[in-house]
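J.: Numbers in the working numbering are just positions in the sequence shown, counted from 1, shifted up by 39.
All residues carry an ideal CB built from backbone N, CA and C; glycine is no exception.
Following this message is one structure expressed as structure tokens.
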Amino acid sequence: MHQLLSYYFWSTQPALDLNKYDLFLGYLFAGLLALAILLWISQRFLRHPMVRKAFAKFQNLALTISFFGLVWFGFRYESTPVMARRLWAGLIVLAGIIWLLFILKYLAFDFWREKNQYEREQIKNKYLPR
């Protein structure tokens with residue numbers, strides 16, 4: 040496993056053809072783009088603004104990671120010497136994982152509190168005169 044990771048990230052020159060790991064990452068980034076589009080479409084049908092906000096966080100993550108990943112894949116396909124290094128793909132995936140952890144932290148600790156606070160505000164505003 041260590042040899043695979045060290046070869047995958049630190050090979051100096053991109054290969055002339057794409058191997059199975061490059062194709063896997065390309066499909067992963069394309070799938071994230073499809074997920075971002077699906078979340079964007081489903082977000083239009085949501086009524087609750089707090090749930091829409093949570094969907095928007097996942098959509099922004101998927102759209103950003105897929106954009107940078109597909110740009111990397113394009114560089115990899117064209118065998119650009121510096122920008123096609125696999126280190127960039129690893130950094131993109133690592134940034135996505137860290138971002139996902141922050142979103143999950145938001146969902147675990149802040150989302151329910153904000154949602155309940157919003158619903159209490161709506162009930163309070165319902166009975167207040169305008």
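#1: Look up Thr149 in the DSSP assignment and say whether it is helix, strand or coil.
#2: Just curious, the alpha helix (DSSP H) that Arg115 is in, first and last residue?
#3: Determine the extent of the alpha helix (DSSP H) in which Ala75 is found, giving its start and end residues.
#4: Taking 8 Å as the cut-off, decide whether the C-beta atoms of Ala93 and Gly108 are in contact.
#5: Is the distance from the Cβ of Leu102 to the Cβ of Ala75 below 8 Å?
#6: Please report the straight-line C-alpha distance between Leu62 and Arg169, rounded to a whole angstrom.
#7: Between the alpha carbons of Ile131 and Arg124, how many angstroms are there, rounded?
#8: On a CA-only basis, which of Glu158, Lys59 and Lys96 is nearest Leu146? Give me that one, please.
#9: State buried or exposed for Phe68, treating a residue as buried only when at least 16 other CB atoms are found within 10 Å of its CB.
#10: Could you tell me if Arg115 is buried or exposed, where buried requires 16 or more neighbouring beta carbons within 10 angstroms of its beta carbon?
#11: Note down, in chain order, each residue of its chain lying with its Cβ closer than 7 Å to the Cβ of Arg91, except the 5 sequence neighbours on either side.
T.: In brief:
#1: The displayed chain sequence assigns Asp, not Thr, to residue 149. Asp149: helix per DSSP, three-state reduction.
#2: Pro88 to Glu117
#3: Lys59 to Gln82
#4: no
#5: yes
#6: 59 Å
#7: 12 Å
#8: Lys96
#9: buried
#10: buried
#11: Gln82 and Leu85
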